[in-house]
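A.B. asks: Residue numbers (the working numbering), protein chains in the order written: chain A, 7 to 365; chain B, 1430 to 1790. Here it is: the structure, laid out below.
The following block contains the structure:
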C-alpha cells in the first residue's frame, strides 16, 4: 500500500477511534472540480453558483474550494487525491468524464463522500445526480418550432452521449409538433466548451439558412454569431446568458444546482449522507426556464409556459407515444411514456431526424 | 543610452545563467501578480513550489506524481530538441502523441482478452511506429514538395484529434461500455497495461523511457556523428552541407525521432495514468513539451530539469487553486511568464549590453 494511503488511513482510523466526525467547530470542507473555467458563463459557471450558495447558506460552518479546467483522466485523479488528502469531507465532480476517476479515488478514501454529476455508476461513498434537462428542451423546442421562419432549426451538439441525444430528440419532437414542416440540422463539435469551434458551428448553420439555434455547449459564442447575423435567435444554455436578451437570447434552460448542493452538505453535517442517484427536473426546480423575452409572441409564451407547467405537475411527459425510432420501428405506443432506463441509455434518434448518431 | 551589440559567439556564461534569471524574474513578476489578485505572494509561491515536495500532508503523494506528469513532457521534448537544434520545427507532437496512443492501444485491444506477455512490447512498437508515421507526413511533404513543416505538423494535430474522437466513438469503443464513448480500460486488462513498477513511486515504463531518452540523447549529441550533424546544421547550414550532411536525410531522421518519441509517450500514457482512449485523452503534453524543450536550452539534462519544473508548476498550481483560491488562469499566466522571460533574457546570450554616452554634436 502506498505510503500516502497508509498515513491517510491511519489518520482516518484515529479520527474514528476518537469518535470525532471532524471536530465540532471545524468547518465542513466541500470541494468542487470543474471541467471548464468558471467564467464560461455556462455549465461550470452554474456549478460555481451552487458552490457560492453553499457558502451563503452555511457561512462559517463550511469551507468550499474548487479547481477549474481539470482535464478528465489522470489529472482529475491527481486533483481528487490531493483534495481528499487535504481533509475535504465532500467532493462534487461536475462532469461526465470524471466518472472513472471519481470511482477510483473514492475507493481509496472510503471516509470522503463524492457526488458525481451526470454519471450512472454509484458506490457506497459515491452518489450521482443530474437534471432532467430534456424537460427544458421540450419547452424551448416548442418555442423554436413556432418561431422559425425558414423552418430550419440548428442544433450544436457536444458529444454523442445519451444525455445529449435525449436533448436533441426532446427538442425535435416538440418543434415538429408545433410546426410539421420543421427540419433540424445537428452539428457535432466534440467539446463542452470551445468558443472558436462553437462559433464556427453556428456560422455554418446560419449559412445553411437556420434561423433558430439550440446549443448543448457552454459558451456564449453561438449567441454572438446569432446577434451578428441579425434575424437569428437562440437560447441560453446552462446559464441564463441574459446579456444577449431580449434577442438573440429569447429564453434559456438554466441548471439550478443550489438546492441540491445545500441539501447534500446538510446531510454530511448531520451524518445522514447516503449514496443516492438523483434525477430531478422542472418540478423540483433543478431545471428552470429562463425568462421569455418579448421577442417571443405572447401566445407562444403562453403555450410554452403551459407545457412547462404540465411537466412540473406530472401531467405530461416529453417522451409520450406514439413515437417511432429513426429507422421507422415502433418505440412508444399511443399514450405510453418512456421509462428512465431507456432515457438514460438513449443512443438513437426519433423518426424524422436526419443524419446518424456518430459512432 | 543603452545599445545592444551582437556578440561574435554566444556567451557561455549567459547560456547557463539565463534559465536561472528567467526563473527568478518569473518568481518576482508572478509574486506581484498574485499580490494584485489579493493573495499573499509568499504563501502562493510556497504552495506552488514547496508544498508538493515537502508538505507533510501531500508530499508522499505528489512527489511521485511529479514523475508521472514530467515523464511524457521530457520524452516528447527530448525528441523535439533534436529537430529544433537543426532548425527543423516539429510543432505537431500533440498529434503524434495521439496517433501513438491510438496505434498502440488498437494493437492491444485487438488481442483482448489475451494474457500473452508479448502484447505490451508489441503495443510499444506500434505506438512508436504510429507517432513516427504521423511525423513522416510533414517530413515527406517537406523533402518532396518543400512545404513548411511547422504548418503541416501543426494542422495534422487537428486531424489527429478528429481521428481520436471518431475512434473512441466507433472502432475502439468499449463494447461493454453501455454505448458511452471511450475504449476499454487498460488498467483492467493486465497484459496491455502500464502500471506503476513499484507501488507509490510513480515510476512506470513511460518514465523509464524518458530517462533512457535523456541519456541516449546526451550520448548521441556529444559522441555520435548524427549528433554532430544536427549541431552543425543548426549552427551553420552551409558549412554542414560541405561537411557532407544531406539535408533531406536529416529532416526525415529528426522528424522521425521526435514523432516516435511522442508516439511512445502517448502509448505509455494511455495504457498507464490515463487508462483509456477517450475523446479528449490528449491534454496538451505535445504543446507543453515545446516550452520544456526551450526552457531546457534544447540540452538533454536541461530538458530533464525543465520537465520536472514544469510538472511542479502544474501540481503546485492545482494545490494553489483549491488551497488559496487562485484562478486557473493565473497559474497558466504564471507558466507563460516562464517562457516569456526565458526568451527575453536570451537576448543577453547573443548580445552585449553597452552603456554609451551620448555624443555631443
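Virtual Cβ for every residue (Gly too), placed ideally from N, Cα, C.
Quick check on the burial criterion: 16 or more other C-beta atoms within 10 angstroms. Buried or exposed for residue 1438 of chain B?
C.D. replies: Per the 10 Å Cβ criterion, exposed.
A.B. asks: Flag this pair as yes or no: are the beta carbons of residue 175 of chain A and residue 356 of chain A separated by less than 7 Å?
C.D. replies: Yes, the Cβ-Cβ distance between residue 175 of chain A and residue 356 of chain A is below 7 Å.
A.B. asks: Quick one: is residue 1486 of chain B near chain A, going by C-beta distance under 7 Å?
C.D. replies: At least one chain A Cβ lies under 7 Å of residue 1486 of chain B.
A.B. asks: DSSP on residue 1437 of chain B, reduced to helix/strand/coil?
C.D. replies: Looking at residue 1437 of chain B - three-state DSSP - the assignment turns out to be coil, as it is neither helix nor strand.
A.B. asks: With H, G and I counted as helix, E and B as strand and the rest as coil, what does DSSP make of residue 190 of chain A?
C.D. replies: In this structure, residue 190 of chain A counts as strand in the three-state DSSP scheme.
A.B. asks: What are the uninterrupted segments assigned as alpha helix (DSSP H) that are 4 or more residues long and contained completely in the region 1720-1757 of chain B, given in chain order?
C.D. replies: Listed in chain order, the complete alpha helix (DSSP H) runs (minimum 4 residues) inside the region 1720-1757 of chain B are 1729-1753.
A.B. asks: So, for residue 1492 of chain B: in the same chain, excluding its five sequence neighbours on each side, which residues have a beta-carbon less than 8 Å away from its beta-carbon?
C.D. replies: 1481, 1482 and 1631.
A.B. asks: For residue 109 of chain A and residue 1601 of chain B, I'd like the C-alpha separation in whole angstroms.
C.D. replies: Cα-Cα distance, rounded: 23 Å.
A.B. asks: Give the list of continuous alpha helix (DSSP H) stretches no shorter than 4 residues that lie fully inside the region 88-171 of chain A.
C.D. replies: You should have 105-114 and 139-153.
A.B. asks: Tell me whether residue 1430 of chain B is buried or exposed, calling it buried when 16 or more other Cβ atoms sit within 10 Å of its Cβ.
C.D. replies: Exposed is the call here.
A.B. asks: Kindly indicate which residue of A/43, A/222, A/243 and A/230 has the alpha-carbon position closest to the one of residue 205 of chain A.
C.D. replies: Ranking A/43, A/222, A/243 and A/230 by Cα distance to residue 205 of chain A puts A/230 first.
A.B. asks: Quick check on residue 1602 of chain B: does DSSP put it in helix, strand or coil?
C.D. replies: Correct three-state label for residue 1602 of chain B: coil.
A.B. asks: Just to make sure I have the definition right: I need the residues of chain A whose C-beta is within less than 9 Å of the C-beta of residue 1594 of chain B. Which are they?
C.D. replies: Under the 9 Å cutoff, chain A gives 165, 194, 196 and 364.
A.B. asks: Using a beta-carbon distance below 7 Å, is residue 1785 of chain B in contact with chain A?
C.D. replies: For residue 1785 of chain B, the answer is no, since every Cβ of chain A falls outside 7 Å of its Cβ.
A.B. asks: Spatial neighbours of residue 1597 of chain B within its chain, please: C-beta separation below 7 Å, excluding the five flanking residues on both sides.
C.D. replies: These residues qualify, in order along the chain: 1610, 1611, 1612, 1706, 1707 and 1708.
A.B. asks: Taking DSSP's pairing of strands, which residues face residue 330 of chain A in a bridge?
C.D. replies: DSSP, once it has assigned bridges, lists A/336 as partnering residue 330 of chain A.
A.B. asks: Taking C-alpha atoms, which residue in A/67, A/135 and A/52 lies nearest to residue 281 of chain A?
C.D. replies: Residue A/135 is the option with its Cα nearest to residue 281 of chain A.
A.B. asks: So, residue 1526 of chain B versus residue 1691 of chain B, is the Cβ gap smaller than 7 Å?
C.D. replies: Contact: yes.
A.B. asks: Quick one, which residues of the region 78-90 of chain A are near chain B if we go by CB-CB under 9 Å, in chain order?
C.D. replies: Within the region 78-90 of chain A, the residues whose Cβ lies closer than 9 Å to some Cβ of chain B are 78, 79, 80, 81, 83, 84, 85, 87, 88 and 89, listed in chain order.
A.B. asks: To be precise: take each residue of the region 1491-1522 of chain B, compare its Cβ to all Cβ atoms of chain A, and keep it if any distance is under 9 Å. Which residues remain?
C.D. replies: Of all residues in the region 1491-1522 of chain B, 1491, 1493, 1494, 1497 and 1498 have a Cβ within less than 9 Å of some Cβ in chain A.
A.B. asks: Along the chain, where does the beta strand (DSSP E) containing residue 261 of chain A start, and where does it finish?
C.D. replies: Counting along the chain, the beta strand (DSSP E) containing residue 261 of chain A begins and ends at 255-261.
A.B. asks: When you compare each of B/1752, B/1511, B/1740 and B/1731 to residue 1445 of chain B by their alpha carbons, which one comes out closest?
C.D. replies: Comparing Cα positions, the closest option is B/1731.
A.B. asks: Assuming the contact rule is C-beta atoms closer than 8 Å, residue 1567 of chain B and residue 1553 of chain B should be a hit. Round their C-beta distance to whole Å, please.
C.D. replies: About 23 Å; that fails the 8 Å criterion.
A.B. asks: Using CA coordinates, which residue listed in A/200, A/201, A/184 and A/239 is at the minimum distance from residue 306 of chain A?
C.D. replies: Among A/200, A/201, A/184 and A/239, the Cα nearest to that of residue 306 of chain A is on A/184.
A.B. asks: When Cβ atoms are compared, which residues of the region 1698-1709 of chain B fall closer than 9 Å to chain A?
C.D. replies: Residues 1698, 1701, 1702, 1703, 1704, 1705, 1707, 1708 and 1709.
A.B. asks: Spatial neighbours of residue 268 of chain A within its chain, please: CB distance less than 7 Å, with the 5 preceding and 5 following residues excluded, ordered by chain position.
C.D. replies: Here the set comprises 59, 60 and 63.
A.B. asks: When you check each C-beta in the region 1754-1770 of chain B against every C-beta of chain A, which residues fall closer than 8 Å?
C.D. replies: Against chain A - using a Cβ distance shorter than 8 Å - the residues of the region 1754-1770 of chain B are 1754, 1756, 1757 and 1758.
A.B. asks: Leaving out the 5 sequence neighbours to the left and right, which residues in its chain are closer than 8 Å to residue 34 of chain A when beta-carbon positions are compared?
C.D. replies: Within the same chain, residue 34 of chain A has close Cβ partners 28, 64, 67, 68, 69, 95, 96, 271, 274 and 275.
A.B. asks: Compare the Cα-Cα distances from residue 1681 of chain B to each of B/1748, B/1564, B/1649 and B/1650 and report the closest residue.
C.D. replies: Comparing Cα-Cα distances from residue 1681 of chain B to each of B/1748, B/1564, B/1649 and B/1650, the minimum goes to B/1564.
A.B. asks: Should residue 1717 of chain B be labelled buried (16 or more other beta-carbon atoms within 10 Å of its own) or exposed?
C.D. replies: Burial call: buried.
A.B. asks: Can you give the Cα-Cα distance for residue 1758 of chain B and residue 149 of chain A, rounded to whole angstroms?
C.D. replies: Between residue 1758 of chain B and residue 149 of chain A, the C-alpha separation is close to 38 Å.
A.B. asks: Shorter than 7 Å from the beta carbon of residue 1750 of chain B to some beta carbon of chain A?
C.D. replies: Residue 1750 of chain B counts as touching chain A.
A.B. asks: Using the three-state DSSP reduction, which class does residue 1714 of chain B fall into: helix, strand or coil?
C.D. replies: Of the three classes helix, strand and coil, the one that applies to residue 1714 of chain B here is helix, per DSSP.
A.B. asks: Does the distance from the CB of residue 78 of chain A to the CB of residue 103 of chain A come in under 7 Å?
C.D. replies: Result yes, Cβ atoms of residue 78 of chain A and residue 103 of chain A sit closer than 7 Å.
A.B. asks: What residue from A/188, A/284, A/49 and A/159 has the CA that sits closest to residue 220 of chain A's CA?
C.D. replies: For residue 220 of chain A, the nearest C-alpha among the options comes from A/159.
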